[in-house]
Amino acid sequence: MGSERTLMFYGDTSSTSLSFPVPTGLRPATLNATLDLPFPVRSGTLSVLQDERLVSRIGLPTTDLAPVVLPLDAVEVTDDTVTVTLRLSALAEDGYCLDQENAVGLLNGSVTYIGTEPVPTTVADFLPPILRAVTLGVPESPSQAESDAAVQLAAALQAKFRGQSPRVVLVPLPGEDTTIAGPAEPFERRIVIREGGPEGVSLMAGEVPQLLFSGSAEQLADQIRLLTDGSLSLAVSTSVVAGDMRPPTPPAIGDSTTVSQLGALSLSNVGVAPQVSLPLDQTRFGHPTEGFRVHLMGTHTPAPAEVGARLTASVNGDVIDSWGTGPDSTIDHWIDIPDRLVTRYTNLVVGMDTSGNTGRCGEFRPITLTIDGSTVVESTPASPPIPPGFGSLPQALMPRMQVGLTPGNFADTERAIQIVVGLQRLSVVPLLTEVTPIEAALDSQEPAVLISADGWDYDSVALPVSSRDQSLTLVGIGDDDAETTLTLNPGIRFGSLQTVFDGQRALLVATSNGAPAQLDDLLRRLNDDPRGWSALRGSAVVAIEGSEPQMVPDRTPVSVYGPAPSDAQTDAQDQGGPGLSHAWIAASVVAAIGIGAAAYWIGRRRRPASTEPRTTPGSPD
């Protein structure tokens, strides 16, 4: 997803807003987290407020990594959501300062709920505010229309519940079955897709209510779109037929927009050296983008006469511009972001650097820095994409991607869902997909995901990594398109995801050299980690039988095929990501479900998963 689900508090007193869903029939009982202190503190408090009303307050533990539990009994729920303000006040030991460099953090946040999850009784209330898992059922040999509907629905649900990243599982239905057997988890939803039969969406009664989507190949798409359409709230019946529903169209940002339209939420900061972040997300533009030009507009508090001040602009810690503060305290300045710093998510930080006597811990004359939401961002579509390889996805596959697979192949449909859900995790706008036979996708001029799990036999697309017998061929690993051939004894079997730009369009190829199980293992690894897809770099990732997956760089002289990057490289390349303060707890799906994410790079051995907290009596678990 792009950033840690951690709340940070800067200074002796600071606040942050937090929202999380509350399903009907449940109430939030406690907010749980682990306190991360930069050093021991003398004393402090942590408060929960709602509309300036005190909900609860606890004394701050003075030891590092101590658990904190905040009661939530007095919160009010509005539209299945709770929004609160967390306020932390702390007094550091003498000689220490709680500042931008030494912040207090709340880690591994979760919410404990009490109550019982209600059973949905209409199509309208089938989807809960919290969705932990989705199980999709299709025939053992799905038609192209059934595969297309399943992939579309999986992507749409991932987009709708983006902050929660529900797990999506595809299961085969034998014969003419229209229900998925077995017990369901709390906040799991089960959906069956079958071509043929009466057109519409039906809520199937039973111990585990399920939705059945049915109809002709042309009708299925409309029925599927109902589940994430705004009109769903009117489907207050157990059976609904959706009319002509056009596919969603992401808003056209254009090549000139404003930071408000790009999703910037907080454009003001107060401090001795305040900073404001401007998110430049290529998925909002809907296409790969070259270097940005930004016309910064804003204001700042005048710096005291005895304090020197300069404004700076930086990307990932690299200062790209600086200029003096004006006498009228206004900001009106153009900034050029070079191509070398452009990533899928480019975080432009505007700050004011100060020097001089600012008092103990910078307590004198805090400065307010504000960037106007009308700040203009200009961009130019990039061809080939910038950055190349995985860094260009999914924006290089937008606005609509074809998904080429073998019709009737259940395993290919399952792989397509895993890939599209993984790509959707990287995008703030819904991805539009169309499942076609792989030959049709190859002949098309549209961006495409191509699935050929048993091997790659299509000479029209040359892959960065290929093999024949015991030889392994790597293309474009250096500064040109020269081939490098390795003869291995014994040979290797591998699955891979590989990116290709053929001069006109981007392709993502899922294949193997006769080892589809290795491809499936690679997809499982990527989807099991919330940051698995965002960590991918270069042109290909390869899962070799009997070893950990390895990155293949894309003309990157600092990287080589094989060893994983260092922690420092990982941190530098994976900075940024859409703000997730609301998502910090939005993924809490049952009592005390932890949501901190431990990131790993493909190619590094994963740490054991942490143990989830116990549930409280009366919770859904």
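Residue numbers (the UniProt record's numbering): 1 to 621.
Glycine residues also receive a C-beta, built at the ideal position from the N, C-alpha and C atoms.
Query                                                                                                         : Result
Buried versus exposed, by CB contacts within 10 Å (16 or more), Pro118                                        : exposed
Distance, Val435 Cα to Gly422 Cα                                                                              : 16 Å
Residue-chain proximity (Leu393, chain B), Cβ-Cβ < 8 Å                                                        : Checking the listed chains, one finds no chain B in this structure; it contains a single protein chain.
Same chain only: Cβ atoms within 7 Å of Leu463, ignoring 5 sequence neighbours per side                       : Trp456, Gln498, Val500, Val509
N-terminal and C-terminal residue of the beta strand (DSSP E) that Leu88 is part of                           : 81-92
Backbone CA spacing between Leu296 and Ile371 [nearest angstrom]                                              : 7 Å
Per-residue DSSP class, three states only, for Ser566                                                         : Residue placement at Ser566 cannot be trusted, given a pLDDT of 31 that sits under 50; the coordinates are not used to answer.
Distance CB(Val192)-CB(Leu212) smaller than 8 Å                                                               : yes
Cβ neighbours of Leu170 in the same chain (closer than 6 Å, five flanking residues each side left out)        : Leu136, Glu414, Ile417
Contact belief for Leu262 with Asp281 at Cβ below 8 Å, rounded distance in angstroms                          : 6 Å
Cβ shell of Ser314 (< 6 Å), same chain only, five flanking positions each side left out                       : Val349
Neighbour-count burial assignment, Arg468, 16 or more Cβ in a 10 Å radius                                     : exposed
Where Gly391 falls: helix, strand or coil (DSSP)                                                              : helix
Beta carbon of Ser512 nearer than 8 Å to that of Asp459                                                       : no
Straight-line gap, Ser233 to Pro129 (C-alpha atoms, nearest Å)                                                : 13 Å
Pairwise C-alpha distance: Gly324 and Leu369                                                                  : 14 Å
Proximity below 8 Å, CB of Gln375 to CB of Thr289                                                             : Rather than Gln, the amino acid found at residue 375 in this sequence is Thr. No.
Proximity to Asp94 [Cα-Cα], best of Leu397, Ala217, Gln50, Arg42                                              : Arg42
Same chain only: Cβ atoms within 8 Å of Asp12, ignoring 5 sequence neighbours per side                        : Ser89, Ala90, Leu91, Ala92, Leu98, Cys361
Runs of beta strand (DSSP E) wholly within the region 333-378 (minimum 3 residues, chain order)               : 345-355, 367-371, 376-378
Rounded C-alpha distance that separates Leu173 from Ala150                                                    : 13 Å
Local Cβ density within 10 Å of Pro67, reported as buried at 16 or more and exposed below that                : exposed
Bounding residues of the alpha helix (DSSP H) (the contiguous stretch that carries Thr179)                    : Where Thr179 is concerned, there is no enclosing alpha helix (DSSP H), given that its DSSP letter is neither H nor E.
Asn316 - partner residues in DSSP beta bridges                                                                : Note: Asn316 sits in no beta bridge, so no partner.
Simplified DSSP assignment, three categories, for Asn527                                                      : helix
Rounded Cβ spacing between Val134 and Val168 (contact assumed at less than 8 Å)                               : 5 Å
Distance CB(Asp80)-CB(Pro28) smaller than 8 Å                                                                 : no
Distance between Ala156 and Ser19 (C-alpha atoms, nearest Å)                                                  : 22 Å
Closest residue to Thr201 among Asp222, Ala184, Glu185, Val208 (Cα-Cα distance)                               : Note that residue 201 corresponds to Val in the displayed sequence, not to Thr. Considering only alpha carbons, the answer is Asp222.
Rounded distance between the beta-carbons of Met352 and Ala309, thought under 8 Å                             : 6 Å
Rounded straight-line distance, which links the Cα of Thr346 to that of Thr299                                : 23 Å
Residue burial classification, Met249 (beta-carbon count within 10 angstroms, cutoff 16)                      : The amino acid at residue 249 is misidentified as Met; the sequence shows Thr. The residue in question, Thr249, is exposed, as its Cβ has fewer than 16 Cβ neighbours within 10 Å.
Other residues of its chain near Leu7: CB distance less than 8 Å, five sequence neighbours each side excluded : Thr16, Leu18, Ala33, Leu86, Gly105, Leu106, Gly109, Ser581, Trp584
C-beta atoms of Gly291 and Pro338 nearer than 8 Å                                                             : yes
Simplified DSSP assignment, three categories, for Ala453                                                      : coil
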